[in-house]
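Read the structure below first, then the notes.
Number of protein chains: 2
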Amino acid sequence: DYITKPPIAEFHKDVAKWLNMDAVRTVPGARRGFQAVANTYVNKGDPVLLTALSHYTEFMAVEEAGGVAREIPANDQKLVTPDAAAEKIEAVKKEFGRAPVLAFIDHVDYQYGNMHDVAGIAKVCHQYDVPVLYNGAYTVGVLPVDGKALGVDFVVGSGHKSMASPAPSGILAATAEREGEVFRTTAIEGDVTKRKFGIKEPEMMGCTLMGVTLVGMMASFPHVKERTKHFDKELANHQIVMDALLSIEGTTCLSEYPRKHTMTRVNTIESFDKVAATHKKRGYYLQSALEERGITGVIPGATKVWKFNTYGVTRKQAEHLARSFMEIAQENGLAVKGPASPV
Amino acid sequence: DYITKPPIAEFHKDVAKWLNMDAVRTVPGARRGFQAVANTYVNKGDPVLLTALSHYTEFMAVEEAGGVAREIPANDQKLVTPDAAAEKIEAVKKEFGRAPVLAFIDHVDYQYGNMHDVAGIAKVCHQYDVPVLYNGAYTVGVLPVDGKALGVDFVVGSGHKSMASPAPSGILAATAEREGEVFRTTAIEGDVTKRKFGIKEPEMMGCTLMGVTLVGMMASFPHVKERTKHFDKELANHQIVMDALLSIEGTTCLSEYPRKHTMTRVNTIESFDKVAATHKKRGYYLQSALEERGITGVIPGATKVWKFNTYGVTRKQAEHLARSFMEIAQENGLAVKGPASPV
């Protein structure tokens, strides 16, 4: 954090300001951010709060630190609520005789792309003095994130998932209150040599992100910063595709609706998958028909339940994708409830 | 470890065979290898063996895992011996009521480039059931390393230090006996969702090295493998430079002698530094005079006690460097005991 060429300290400061947090370090991937925080707060046998929609890397961080995972359940709408958080903390207190030592809360989860009430959950957690790690894997670099408004202790972002950066990269931000804990400097000493190691931070293993990946993050930052301001356009484009998909009879949206994020899980068992049963290309006809229209990267062979993300597509591309889904549906005998309005 | 394209599993196997170990993972830097092993064996308050010449990243790994550092002292020749290891383990047993839970032993240390008797130290450690991590930051990729012959439990190598690979990269190798411990697969489970995470390894945070750095390591491997066979030539070239330096009156070698590694610490307080006292360029004349001869990257401003590494220089370059040191010494009025034989 003290290196001035390249201007890493400056970059850390810029990222902190952008996230409205007090201290930032770049890390080799979001998972290393989880690990640093888990190793700071979690000792063997400590209960740690996650959610029923938490990413596996959060579980790995808890396990590596010796913690015990306890999940806040999601409700029928696949949302994690402050009430459910309060109930779970009470259950943990009953089971362990104490509150969880840390909570991992995903703002937008990886399964449904649903947006959870992190501010509300953080408020509940803080009533029990539980520090809250905000997992921004699908938000930091994608949409505006204000750590102070959310009231979280840590913000973790993924460089390669959502910040247009090379893998592995990521950021870990902390409040001024927590900074001294997770970014504490080393206190270890050699008993023979009496060596001390000064400003090195044990959770950073002495260094933040190095080399090409860091420089990649720095180069992308102005673009990433700018693009988060236009998430409304991304959502509008996503809606064009959703309208088309939902106009195809039997298709349902498994994510919360209306959509707040561009990553969505849909169920096409009663639509595209019906075609697959008799189509000579089986489940691959959909992918193949999309490819004929120049659309690649979409769900190889999947016609039942699948996730897609339109982040970064232009309006024209969104319209083309929407039209394509409707055409493919019609060509294969699926009923389409009239063209969705914007197409 | 199960990905076949690129052939990572195959690469892991090749590296294991090359090091005569049973299992290998690529890691984002040697320090992450230290961390994985430390987090596997070290709990809060556990004593961990290091040496008086251990690298700070080993101390960071111990601290991050909650361990207490205990150093094996080096002797007057700056060597860590099996006898000293045995004595220290006994001292730890007295202090903690139990043996250390892990030992970090550097084969070639970063301070003097001295080669320590790892095989002997490992034998002693195993008498007390202490697992031994071999730090090969200056050996793996540089000279032949045979983990089984050394009798160590873990071999850690640095990709960017000694394997001609991009930063951050490294390898962590284990014996069959220890593999199941450090590369254990996850056992954590979601209490609500009952999710399990299959083959993910918590110490690897679910993934080994990713992206460009891994591909860089794989690309370098055949070259690295080949070059370790020719370390004798590297040593011969190093000796040419050492002969020249030691022919300059007042210069002494602070590392063990004869040299077994190409990285050496010399003391020129009574030779080059004497010149600096009156030279108009002060301590920078040496660097400047070397640069005039096309030699760069050498110790900016240092004329007292400094480290240098000739690894990778050709015989011609070694001779040029040797001649240059002698010429600069003579030009500045330092006595030179006749040209060293090979120059």
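Protein chains in written order, with my numbering: chain Z, 13 to 355; chain E, 13 to 355.
Ideal Cβ placement from N, Cα and C applies to all residues, glycine included.
These numbers come from a predicted model, not from an experiment.
- When rounded, the separation of the alpha-carbon atoms in R239/E and T93/E is 29 Å.
- Taken in chain order, the complete beta strand (DSSP E) segments of 3 or more residues contained in the segment 49 to 118 of chain E are 59 to 63, 80 to 84 and 115 to 118.
- Pairing A48/E with L184/E gives a Cβ-Cβ distance under 8 Å.
- Taken in chain order, the complete beta strand (DSSP E) segments of 3 residues or longer contained in the segment 275 to 334 of chain E are 275 to 279 and 317 to 321.
- Under the three-pair Cβ rule at 8 Å, the segment 153 to 166 of chain E counts as touching the segment 23 to 34 of chain E.
- Residue-level contact by beta carbon fails for R335/Z and chain E, as no gap is shorter than 8 Å.
- Nearest to P143/E by C-alpha distance, out of G210/E, G163/E and N344/E, is G163/E.
- Across the set V317/E, F46/E, P234/E and Q329/E, the C-alpha of F46/E shows the shortest separation from the C-alpha of S170/E.
- Within the same chain, and ignoring the five residues on either side of V348/E in sequence, the residues whose Cβ sits closer than 6 Å to its Cβ are S259, I260, M338, A341 and Q342.
- Under DSSP, S181/E forms no beta bridge with any residue.
- Residues of chain E whose Cβ lies closer than 7 Å to the Cβ of T205/Z are, in chain order, A64 and E83.
- One alpha carbon belongs to T322/E, the other to E304/E, and they sit about 19 Å apart.
- Taken through DSSP and simplified to helix, strand or coil, G228/Z comes out as helix.
- Spatial neighbours of T263/Z in its own chain (CB-CB distance under 8 Å, excluding positions within 5 residues in sequence) are listed in chain order as L257, V278, N279, T280, E282, S283 and F284.
- The C-alpha of V325/Z is placed about 19 Å away from the C-alpha of P270/Z.
- Note: T38/E is bridge-paired with I183/E in the DSSP secondary-structure output.
- By the beta-carbon neighbour count (other beta carbons within 10 angstroms, threshold 16), P234/Z is exposed.
- In this structure, E268/E keeps its C-beta atom at 8 Å or more from the C-beta atom of L114/E.
- At a cut-off of 8 Å, the C-beta of F209/Z has a neighbouring C-beta in chain E.
- Proximity of chain E to V74/Z at the Cβ level (cut-off 7 Å) is accounted for by I200, in chain order.
- DSSP places T240/E in the helix class (H, G or I) of the three-state scheme.
- Nearest CB-CB separation between F116/E and chain Z: not below the 8 Å threshold.
- For I340/E, the three-state secondary structure derived from DSSP is helix.
- Inside the segment 138 to 169 of chain E, DSSP marks whole beta strand (DSSP E) runs of 3 or more residues at positions 144 to 147, from first to last along the chain.
- Nearest CB-CB separation between P94/E and chain Z: not below the 8 Å threshold.
- If you draw a straight line from the Cα of V253/Z to the Cα of D244/Z, it comes to about 15 Å.
- Taking all protein chains shown into account, R82/E has 16 or more neighbouring C-beta atoms within 10 Å of its C-beta and is therefore buried.
- DSSP, reduced to helix, strand and coil, places I260/Z within a strand of the structure shown.
- Taking 8 Å as the CB threshold, E215/E lines the interface with chain Z.
- Taking 8 Å as the cut-off, the beta carbon of V39/E is found no closer than this to the beta carbon of G79/E.
- At least 8 Å separates the CB of Y296/E from every CB of chain Z.
- For A28/Z, the uninterrupted alpha helix (DSSP H) segment begins and ends at I20 to L31.
- Comparing alpha carbon positions, the residue from R44/Z, A77/Z and T63/Z closest to K56/E is A77/Z.
- Contact annotation: A314/Z and G295/Z have beta-carbon atoms nearer than 8 Å.
- For P112/Z, no chain E residue has a C-beta closer than 7 Å to its own C-beta; the minimum C-beta separation is roughly 12 Å.
- Remark: C-beta atoms of F116/Z and S181/Z do not approach each other more closely than 8 Å.
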